[in-house]
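Quick note, the sequences are listed as chains A and B, same order.
3 is the number of the first residue of the first sequence in this note's numbering; add one for each residue after it.
3 is the number of the first residue of the second sequence in this note's numbering; add one for each residue after it.
2 protein chains.
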Amino acid sequence: MTPSPITPGSPLRTQVSGLPSRLARSALTRHGVVRSTADFHGWFADRLDLARTTAVTGIDFADLVGWGFAPARGDLVHDSGKFFSVQGLAVTTDHGPVAAWSQPIINQPETGVLGILVKEFDGVLHCLMQAKAEPGNAGVLQLSPTVQATRSNYTAVHRGRSVPYLDLFLSARPESVLADVLQSEQGSWFHRKRNRNIVVEAVDDVEVREGFCWLTLGQLHELLAFDNLVNMNSRTVLSCLPFSGPDLVRELGRGTDGFRAALVRSTGSTWGALHTDGEILSWVTDLRSRREVEATLVPLRDVRGWHRSADRIEHETGAFFDIRAVAVSGGDREVQGWTQPIIAPHGLGVVAFLAARFSGVLHVLVNARVEPGYLDFVELAPTVQCTPENYEHLPAGARPPFLDLVLDAPADRIRFDTLLSEEGGRFFLAVNRYLVVEVDPFEAVGPSRYRWMTVDQVVGLLRHSHYVNVQARSLVACLHSLVGGPRADPIATGAVR
Amino acid sequence: MTPSPITPGSPLRTQVSGLPSRLARSALTRHGVVRSTADFHGWFADRLDLARTTAVTGIDFADLVGWGFAPARGDLVHDSGKFFSVQGLAVTTDHGPVAAWSQPIINQPETGVLGILVKEFDGVLHCLMQAKAEPGNAGVLQLSPTVQATRSNYTAVHRGRSVPYLDLFLSARPESVLADVLQSEQGSWFHRKRNRNIVVEAVDDVEVREGFCWLTLGQLHELLAFDNLVNMNSRTVLSCLPFSGPDLVRELGRGTDGFRAALVRSTGSTWGALHTDGEILSWVTDLRSRREVEATLVPLRDVRGWHRSADRIEHETGAFFDIRAVAVSGGDREVQGWTQPIIAPHGLGVVAFLAARFSGVLHVLVNARVEPGYLDFVELAPTVQCTPENYEHLPAGARPPFLDLVLDAPADRIRFDTLLSEEGGRFFLAVNRYLVVEVDPFEAVGPSRYRWMTVDQVVGLLRHSHYVNVQARSLVACLHSLVGGPRADPIATGAVR
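1) So, with DSSP's three-state summary, where would you put residue 414 of chain B?
2) Pull the bridge partners of residue 342 of chain A from the DSSP assignment, please.
3) Contact criterion: CB-CB distance below 7 Å. Does residue 160 of chain B meet it with respect to chain A?
4) Using 7 Å as the threshold, is the C-beta distance between residue 452 of chain A and residue 367 of chain A below it?
5) In the DSSP assignment, the alpha helix (DSSP H) including residue 480 of chain B goes from what residue to what residue?
6) Might you give, ordered along the chain, the residues of its own chain that have their beta carbon closer than 6 Å to the beta carbon of residue 182 of chain B, omitting 5 neighbours on each side?
7) CB residue 433 of chain A to CB residue 135 of chain A, shorter than 7 Å?
8) At 7 Å on the CB atoms, spell out the chain A contacts of residue 273 of chain B, in chain order.
9) Which of the three DSSP states is assigned to residue 109 of chain B in this structure?
10) Under the three-state reduction of DSSP, which class applies to residue 162 of chain B: helix, strand or coil?
11) Which one or two residues does DSSP pair with residue 33 of chain A in a beta bridge?
12) To be precise: take each residue of the stretch 452 to 466 of chain A, compare its Cβ to all Cβ atoms of chain B, and keep it if any distance is under 8 Å. Which residues remain?
13) Starting from residue 317 of chain A, follow its DSSP beta bridges and name the residues at the other end.
14) Against chain B, does residue 284 of chain A count as a neighbour if the rule is that its beta carbon must be under 7 Å from one of theirs?
15) Rounded to a whole number of angstroms, what is the C-alpha to C-alpha distance between residue 328 of chain B and residue 61 of chain B?
16) Can you tell me which of the three DSSP states residue 144 of chain B falls into?
17) Between the stretch 185 to 207 of chain A and chain B, which residues of the former have CB atoms less than 8 Å from a CB of the latter, in chain order?
18) Within 10 angstroms of the Cβ of residue 291 of chain B, are there 16 or more other Cβ atoms? Answer buried if so, exposed if not.
19) Give me the Cβ distance between residue 105 of chain B and residue 380 of chain B, rounded to the nearest whole Å; I'm assuming they're in contact under 8 Å.
20) Could you say if the stretch 202 to 220 of chain A and the stretch 36 to 49 of chain A meet the contact criterion of at least three C-beta pairs nearer than 8 Å?
21) If you draw a straight line from the alpha carbon of residue 137 of chain B to that of residue 361 of chain B, how long is it in whole angstroms?
22) Give the residues from the stretch 113 to 124 of chain B that approach chain A closer than 7 Å (Cβ to any Cβ), ordered along the chain.
23) Can you pull the chain A neighbours of residue 287 of chain B, defined as C-beta to C-beta under 7 Å?
24) Taking only three categories from DSSP, how would you classify residue 22 of chain B?
25) Are the C-beta of residue 276 of chain B and some C-beta of chain A separated by less than 7 Å?
26) Closer than 6 Å by C-beta to residue 189 of chain B: which residues in its own chain qualify, once you throw out the five before and the five after it? Chain order, please.
27) Among B/40, B/195, B/261, B/408, which residue has its Cα nearest to the Cα of residue 85 of chain B?
28) Against residue 377 of chain A, what residues of chain B qualify as contacts under a CB-to-CB distance less than 8 Å, listed in chain order?
29) For residue 410 of chain B, does the count of other Cβ atoms within 10 angstroms reach 16, so buried, or fall short, so exposed?
30) Tell me where the alpha helix (DSSP H) around residue 182 of chain A begins and ends.
31) Going by the beta-carbon positions, is the gap between residue 534 of chain B and residue 241 of chain B smaller than 7 Å?
32) Can a CB atom of chain B be found closer than 7 Å to the CB of residue 494 of chain A?
33) Pick helix, strand or coil for residue 499 of chain A, following the three-state DSSP scheme.
34) Can you tell me whether DSSP reads residue 365 of chain A as helix, strand or coil?
35) Roughly how many whole angstroms lie between the Cα atoms of residue 484 of chain B and residue 262 of chain B?
36) Please state the DSSP three-state secondary structure of residue 51 of chain B.
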């Protein structure tokens, strides 16, 4: 990115920005200027018809093209040495029910770009979203950011076409960048993977290419209530946009009350929080100082308890996930057909925030979570993040705190409840049930690794790397989607999915 | 740390804090309530007399007690597996004059505690400092934080006495913690080392043990002008305390002008900056996305270009640093005599910020620097940070930018110029000349890896890990030391050193 030239007379700027109020306006605009939501559903159905030519087939590892097991280490690698590889990870920890294990893990040292281009139409910010097929997607097509590209993608290692709109991100002027931060991805499946989450505002006209459409934040918020529609990359980028409680209150008026009012107050700092930001940072520092986990890359052939057969690498208990291989043909991707390894998790995950009102301000209960793939040991995670099936062969005491509180919640305390997918380029049908469940504060007394935080506090940390994990970021996007009021009923809209 | 119990009626708190103005008051108090600065010098001279019983002698590696070269890898390790080890690091990079190298590096996975205890006397915050001997110190004794302890120290691996005051940090109440953050140390000498920088305010009476004394920030600022007096650990902890421009202005009145006024404005956000905080973060994100460096621990015996003799491991050119061994006897440390490996850098380093006024607000020119030991690839560093001798065998084009501008600066543009040491527990006579040199903005047009930032912007990033390197943090402490006005003349005070 090229900064403006600096001279002694260069003007100084303060940090005051109109962005939060512009985001608030977009969030409260449910009927897009460019395309109505009903129109979107028709457009998406048409895209889906086209995408049905995409076929994803499980294959044997021997049938992978350009991929194979490296002789010495047994790692599953691409011939170019690029993209990603499946290696082993040896983990020791003094936290959690299991003290040491080894597992396969994806090593993808490249930093990809997840970018949403935004632009004002009639004074309302719209996001340029893409209907994109990925081999692991539940439902073939999901709504992705404007750009989701690894460096191997855009440096054309697999002889793909150039990535549309990418240059608008890589050469953006500094003042048009609304958010830009490296964020981690699943620390149980990835070794230190991060992607660049970036939002850039377009000033010039933007050609809308086939498969793309402009939507307001309010429209995206409505679409988040649909199962497996807004993809993981969209959710994490959206979470990094700074909302503003005071601006929402101004737009909404003072009449709002109940859960929504408590949520809106939670998106601002003026109403306060149970813990100061400094106390939250000190708590994270304390946990990181303990370095409870050591994770070292090892040869895949040295991983214990996992067995490789012709078409999968699986854990001896059948739990966790398999490494598999797929062939993809047809569709409208950058290249015409390819094969790749993919991670296929077992079972439906549960990802949930417990939320409670303190003095009228909604707080969510975050969990300081250790995952072996994090670069800095601990990140803030949802209250519950697990696949219940994986705990079936462990003692009852190992059952995750608060899981039953979430699963047994009465319907009138469930504020959000949608099936959403993890990244379909690496994960095969990795679906989690994302929930926000409101409780009374005294119902959720837990271990010291949990803290009540406002949405504003979580979003504040999202300006920096290493703090908020990808599942919690998804839930932040889900929480933001509730500021517009009761969610649309996905069935009533006549959705085609 | 134990948080207060949370109930539905727990009060919410906003982030407003009186801390910055209390720090400003302490910074402007040059005559300590507890001890005058003249008295301090006398006290320190007495401590120095006692400490002269400490003898540090270079020894052969074979004479190390409890340390040795591990058979398989050749790493230099302690028998307990604790403390630290000297291993090899293999580095490849596409940034800088050398594309690949290997080198010895200290691996110290533990996170130590660097803590300053503060307490109000007559309404003015004082810091409890310690006159402490370290084997590598220039001048035997330096002024250290209240606590500097590795986990091995305080879990008594070397059968030491318990660390005084440590429990006040480890069991502090959240609301008494004024700063608490993991910060990196030298990325050229340490593999991913971080220490916990923490400041805790004492409410109860504190017994002042032998070797400790209370000093205001203003007194510490005066002492920073003395060569090799305030040690590295003190400087990095001090840098993490949030200063406040508006409060300083209120205390100082509006009459101040010139450099000092520009500096005071720079410690606040109300006057603005050339780049917004968001632009700075985006710039760092962009550089980190490139991942220009890969560093892997390797066996020490596999390091190329370094030779091991009986008493040192040195580079074939004689440049950079040696690994040596020392025996320490006498003194008042936790244990009575020990031996250890130590890094002995060659030559006097230069660490400097160029500073310039833009619209009356001082900015410093930070360099986004890659060092192989950083956990997150890039940290913000001083404008100049190098040992000029190390460049003598490299082509002229490899000479660090701005070095000559610093070395040739006229005396009336030099705002700070003191010899300061790096950590004496790991480094033997590692002395750098720390400078702040004021230039006109057009004198310092450099490559795109440099950005002008206000002091407030740098200090804001110090709330988080991974942003500001240890040399820049030292310079932040030096800059803060100038808010009190023209520095004391070290010679005129009759200092004993």
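Ideal placement from N, C-alpha and C gives every residue a C-beta, glycine not left out.
Taking the coordinates as given:
1) Helix at residue 414 of chain B.
2) In the DSSP assignment, the residues bridged to residue 342 of chain A are A/328.
3) Only weak support is given to the placement of residue 160 of chain B: the predicted model assigns it a pLDDT of 48, under 50, and the question is left unresolved by the model.
4) Here residue 452 of chain A is near residue 367 of chain A, since their CB atoms are less than 7 Å apart.
5) In the DSSP assignment, residue 480 of chain B falls within the unbroken alpha helix (DSSP H) covering 472 to 482.
6) So the qualifying residues of the chain are 200.
7) Taking 7 Å as the Cβ cut-off, residue 433 of chain A and residue 135 of chain A do not qualify as a contacting pair.
8) Contact of residue 273 of chain B with chain A by beta-carbon distance below 7 Å involves 14.
9) The three-state secondary structure of residue 109 of chain B, taken from DSSP, is strand.
10) For residue 162 of chain B, the predicted model reports a pLDDT of 48, less than 50, meaning its position is unreliable; a value from the coordinates is still stated below. Look at residue 162 of chain B here: in three-state DSSP terms it is coil, with no helix or strand label.
11) Beta-bridge pairing by DSSP links residue 33 of chain A to no other residue.
12) Within the stretch 452 to 466 of chain A, the residues whose Cβ lies closer than 8 Å to some Cβ of chain B are 453, 454, 465, 466, listed in chain order.
13) Here residue 317 of chain A is bridged, per DSSP, to A/308.
14) Output row for residue 284 of chain A: interface = yes.
15) Distance between the alpha carbons of residue 328 of chain B and residue 61 of chain B: 5 Å.
16) Here DSSP, grouped into helix, strand and coil, assigns residue 144 of chain B to strand.
17) Answer set for the stretch 185 to 207 of chain A: 198, 200.
18) Under a 10 Å Cβ-count criterion, residue 291 of chain B is classified as buried, with 16 or more other Cβ atoms of the shown protein chains found around its own Cβ.
19) For residue 105 of chain B against residue 380 of chain B, the beta-carbon gap comes to about 19 Å, at or over 8 Å, which does not count as contact.
20) The answer is yes - the stretch 36 to 49 of chain A touches the stretch 202 to 220 of chain A, with three or more Cβ pairs under 8 Å.
21) Approximately 46 Å, taken between the alpha carbons.
22) For the stretch 113 to 124 of chain B, which is checked against every Cβ of chain A, the residues closer than 7 Å are 113.
23) Under the 7 Å cutoff, chain A gives 182, 183, 184, 198.
24) Correct three-state label for residue 22 of chain B: helix.
25) Closer than 7 Å to some Cβ of chain A, the Cβ of residue 276 of chain B qualifies, so yes.
26) Close CB contacts of residue 189 of chain B within its chain, under the 6 Å cut and outside five residues either way in sequence, are with 373, 375, 376 (chain order).
27) Closest by alpha carbon: B/195.
28) Identification of chain B residues near residue 377 of chain A by a Cβ-Cβ cut-off of 8 Å yields 377, 378, ordered along the chain.
29) Residue environment analysis places residue 410 of chain B among the exposed positions, since fewer than 16 neighbouring C-beta atoms fall within 10 angstroms of its C-beta.
30) Not the alpha helix (DSSP H): residue 182 of chain A falls in the beta strand (DSSP E), residues 179 to 186.
31) The requested residue 534 of chain B is not part of the displayed model; chain B covers only 3 to 499.
32) Low confidence applies here, because residue 494 of chain A scores a pLDDT of 35, under 50, leaving its location unreliable; read the following figure in that light. Taking CB atoms only, residue 494 of chain A has no neighbour in chain B less than 7 Å away.
33) At residue 499 of chain A the pLDDT is 34, less than 50, meaning the model places this residue with poor confidence; the figure from the coordinates comes in the next sentence. Residue 499 of chain A falls in the coil class under three-state DSSP.
34) Strand.
35) Residue 484 of chain B and residue 262 of chain B: Cα-Cα distance of roughly 7 Å.
36) In the three-state scheme derived from DSSP, where H, G and I count as helix and E and B as strand, residue 51 of chain B is classed as helix.
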